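Novice: Structure in structure tokens, see below.
Residue numbers (the working numbering), protein chains in the order written: chain A, 520 to 1029; chain B, 90 to 559.
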């Protein structure tokens, strides 16, 4: 019984104009989007690899611990081809510095920040707009259309249960929608595999199948919605208007309005306060440093060599007093800058908390929009959402802490502080003769053409394992974060199906 | 014709579809007022705060020309009054530039946008008209003729002594009136609310821009209406015309802007930030390591400043800085060119054309950014000119006016005190109309809209004229 109705539904749709139109449109859109974004990914990934090599090289070229300031990277997600998400504008390189806690990432890959205001046309966008619209176009007249033609009366006078009729129509609609959808998705995956040569790993395949499933669920939801409208309205034109109204609300209006309203209700603080703090604390630290120099009678320049900031390659050719002065001075301001970093981080935390608050309010306002739920879950699966980025930043902060702890364990901020900025031992400064000997030796080497004789490079780089490595796998599909939006979407479908069922059972076929 | 128009208008206004859609549009207009009133206020606060900060910092540095010219001012883009018409993604566009008399850094984003949110269109007029009202126009028009064909009423109508032309015009004008009523009511409510909330300082220019925007919006909606009627005249069943029109809408309104981005990015190439970094490093090394003998050394004693090596050093550093600026300028120009390309490509869709036209009128989006950037560059030249002129007056100065990025080398040029009143200030540029000085009425866009209107009207009319009522 169910079977024959189901097949009838499918047969009736297969040769219609709208099915053909939906099939062609979906196919063209999906292929174009995946093709271009796949190519874009290949280019970006090449750039990323180049960049990664170059930074690895740079990270290796450190001669004294004060130079250690590695740049760490977050690998690209191949699933960003399907959902670009927030990946586009968040950046993926962080320079770890002792003097600042990482709060955001630099972007070395995005070519044009002027295009950030235009959303990319990815598979997710096609899901959100096209699949739902086709769902509605396929189902808006499934019941009132039959009523208009008078066939519904005949159908209902049979011994068939109304529930079975409704379920068969729903199932038929979902299958009909699934055809163009799956067909184009599979072709797109083939394009990626064989033309762009992108290989996904197992867990990514799981994520891709879940993304496809979510897209189907989402389409089914709109089929259910269309059928409810079709049952409630007497004429198919009214049903269509009603369904499109609901579609506009849930797909277009609520997500847009949700963001804007949340931004209006919980406005973010101005970042002026943060930059002011930086400026003021800079002046304060500079004053303190100047005071320290005069109070302790420190002489910083000797023989033309001086230690500037924390990152400069350093060569040393001074007396013991020079070394002692620098030890005192650097110990003093390193602490100042590190304290400032912590203070600034605290300020940032309240700023980020406010952002989070705004975001949460926005999510709450948008929670009834299935489009939003789909966006949430698919970007989580493609790991291009904000939380993946936040997780990376958290890793960076922990890594910075690990480096600082390592320095502290090695006593580079107190007992071994000379080791922080020079490779000589204290014993190398024990007597005037030793210093003089060294100067003579260097002079000889310089005369014989060694241009690095006076420079720190003559020591060779620090060993690769001198400081802890950055262990971050690059994230992966976040199934946990995708769970609640998926569950809500599923609940919504069940609710809509139940509602449609009840409405249809009470439906007066006359 | 008038009767048909009145009939269509009355029908349209009584239709439940219309009422619900009109309510939605009106709601969107009202929400728009509150959102943009708040935004304008915040942007204004930020701008004024930034002016206050720079004023404070600059006035504390008047004791020394070197100090004041080296100070890195943060220029913030003044708030755009008309952002409620065309937002142009202002939230995510760079709106701050770090600048002093010698260099500027690439513009950065310093607005109150929240990067946690997914990127979605804002509720500006472009969205309300281009997305919501265009959908509404399609829903109003898809069945106008094919519906009457199916119901057989078209046959009856045509048997009356009514010409097909007047039938068509009457129907079109009726529908257009319906849309204009909604747009006019919505815009009036929106503007009144904004005025009431104090977020719309009226001036002749702004009123003109609003007027042009309304005209452009009407032309855009008219294109959609005529398209609806054309498809409706060609097809015989409303269900078919509906599917065709919905797919058109999906492609034109939703897909085209994103697709334009994908294709635009490929058609104009821009170096990645990583490549820019590399270029900057190479150019620096090229000049620095090939510098004439003595240019690398530096001594703090005042006599050194007048020596030959000091002059060589000044020349070398100036060359490095100017190369640096050239690379940055090139990148910025390429970025602007690419963004404009993307915008132009998006103009194949009526919504894209509308967006571009309104952004030009309101000086937002890429057009506003360009104006801001140009003004900032002009300001920097003005500053540099001021410093050079000031330095000439000082007979004790070595007259080597240069700076290494954001730090001035002491003893390179005059360090006399500066009268704060004579120092050029950036906000004066904005206030004298820097950003809005040239009002750009997008005549090309208007002409294109008119031409498309005409073309669609002809197609629709021919299709109707060819209809055989038997």
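No residue lacks a Cβ here, since even glycine has one placed at the ideal position from N, Cα and C.
On a predicted model such as this, the values are computed, not experimentally measured, just so you know.
1. Could you compute how far the alpha carbon of residue 490 (chain B) sits from the alpha carbon of residue 377 (chain B)?
2. With distances taken from CA atoms, which of B:277, B:132 and B:501 is nearest residue 406 (chain B)?
3. Alpha carbons only, please: which of B:474, B:532, B:170 and B:468 is nearest the one belonging to residue 518 (chain B)?
4. Of all Cβ atoms in chain A, is any one closer than 8 Å to the Cβ of residue 361 (chain B)?
5. How many angstroms separate the CA atom of residue 335 (chain B) from the CA atom of residue 225 (chain B)?
6. Closer than 8 Å, CB to CB, is residue 827 (chain A) near chain B or not?
7. Between the beta-carbon of residue 598 (chain A) and the beta-carbon of residue 726 (chain A), is there less than 8 Å?
8. Sort out for me which residues DSSP pairs residue 193 (chain B) with in a bridge.
9. Could you tell me the distance, in whole angstroms, from the CA atom of residue 132 (chain B) to the CA atom of residue 168 (chain B)?
10. Please state whether the Cβ-Cβ distance between residue 165 (chain B) and residue 135 (chain B) is less than 8 Å.
11. Helix, strand or coil for residue 888 (chain A), going by three-state DSSP, please let me know.
12. Do residue 440 (chain B) and residue 219 (chain B) have their C-beta atoms closer together than 8 Å?
13. With a threshold of 16 other CB atoms inside 10 Å of the CB of residue 524 (chain A), please say whether the residue is buried or exposed.
14. Please report how far the alpha carbon of residue 347 (chain B) lies from the alpha carbon of residue 554 (chain A), in whole angstroms.
15. Taking contact to mean at least 3 C-beta pairs separated by less than 8 Å, is the region 207-222 of chain B in contact with the region 190-198 of chain B?
16. Could you name the residues of chain E that residue 881 (chain A) contacts, counting a contact when the two beta carbons are closer than 9 Å?
17. Are the beta-carbon atoms belonging to residue 723 (chain A) and residue 996 (chain A) less than 8 Å from one another?
18. Do you know offhand how far residue 1039 (chain A)'s Cα is from residue 663 (chain A)'s?
19. Short check: CB of residue 157 (chain B) to CB of residue 507 (chain B), under 8 Å?
20. Between residue 1021 (chain A) and chain B, is there a C-beta pair that is closer than 8 Å?
21. Roughly how many angstroms separate the alpha carbons of residue 183 (chain B) and residue 817 (chain A), rounded to a whole number?
22. Taking the beta strand (DSSP E) that residue 681 (chain A) falls in, what are its first and last residues?
23. How big is the Cα-Cα spacing for residue 825 (chain A) and residue 849 (chain A)?
24. Leaving aside the five residues before and after residue 907 (chain A) along the sequence, list all residues of the same chain whose C-beta is less than 7 Å from its C-beta, in chain order.
25. Got a sec: is the Cβ-Cβ distance from residue 418 (chain B) to anything in chain A below 8 Å?
26. Mind listing, in chain order, the continuous beta strand (DSSP E) runs of no fewer than 3 residues lying wholly within the region 602-669 of chain A?
27. Note down, in chain order, each residue of its chain lying with its Cβ closer than 7 Å to the Cβ of residue 660 (chain A), except the 5 sequence neighbours on either side.
28. Using a Cβ-Cβ cut-off of 8 Å, state whether residue 1007 (chain A) counts as contacting chain B.
29. Going by beta carbon distance, what residues of the same chain come within less than 7 Å of residue 265 (chain B), once the five residues before and after it are set aside?
30. Compare the C-alpha of residue 308 (chain B) against each of B:95, B:487, B:261 and B:368 and name the closest.
31. So, does the region 135-153 of chain B touch the region 784-800 of chain A, judging by three or more C-beta pairs under 8 Å?
32. Within 10 Å of its beta-carbon, does residue 277 (chain B) have 16 or more other beta-carbons around it, so buried, or fewer, so exposed?
33. To the nearest angstrom, report how far apart residue 477 (chain A) and residue 215 (chain B) are at their CA atoms.
34. Measure the Cβ-Cβ separation of residue 208 (chain B) and residue 774 (chain A) and say whether it is below 8 Å.
35. Among the candidates A:641, A:616, A:658 and A:652, whose CA atom is the shortest distance from the CA of residue 860 (chain A)?
36. Pick from B:399, B:453 and B:320: whose alpha carbon is nearest that of residue 233 (chain B)?
Specialist: Answer, in terms of the structure:
1. 18 Å
2. Nearest in C-alpha terms to residue 406 (chain B), of all of B:277, B:132 and B:501, is B:501.
3. B:468
4. Chain A contact via Cβ: present.
5. 11 Å
6. Its pLDDT being 43, under 50, residue 827 (chain A) is placed unreliably in this model, and the value from its coordinates should be taken loosely. With 8 Å as the cut-off, residue 827 (chain A) does not count as an interface residue toward chain B.
7. yes
8. In DSSP, residue 193 (chain B) forms a bridge with B:188.
9. 5 Å
10. yes
11. Looking at residue 888 (chain A) - three-state DSSP - the assignment turns out to be coil, as it is neither helix nor strand.
12. yes
13. buried
14. 14 Å
15. no
16. No chain E is present in this structure, whose protein chains are A and B.
17. For residue 723 (chain A) and residue 996 (chain A), yes; Cβs fall inside 8 Å.
18. Because residue 1039 (chain A) is not part of the residues shown, which for chain A are 520 to 1029, the question remains open.
19. Yes; because the gap between Cβ atoms is below 8 Å, this pair is in contact.
20. no
21. 44 Å
22. Residue 681 (chain A): not part of any beta strand (DSSP E); member of the alpha helix (DSSP H) spanning 681-710, first to last residue.
23. The pLDDT assigned to residue 825 (chain A) is 45, lower than 50, so where the model puts this residue is not dependable; a value taken from the coordinates is nonetheless given after this. Residue 825 (chain A) and residue 849 (chain A) have their C-alpha atoms some 12 Å from each other.
24. Within the same chain, Cβ atoms closer than 7 Å to the Cβ of residue 907 (chain A) are found at 994 and 997, the five residues on either side in sequence being excluded.
25. Any Cβ of chain A closer than 8 Å to the Cβ of residue 418 (chain B) would place that residue at the interface, and such an atom is absent.
26. Listed in chain order, the beta strand (DSSP E) runs fully inside the region 602-669 of chain A are 612-614, counting runs of at least 3 residues.
27. 749, 755 and 758
28. no
29. 311 and 314
30. B:261
31. yes
32. Flag for residue 277 (chain B) reads exposed.
33. No statement about residue 477 (chain A) is possible, as the shown extent of chain A runs from 520 to 1029 and does not include it.
34. no
35. A:616
36. B:320
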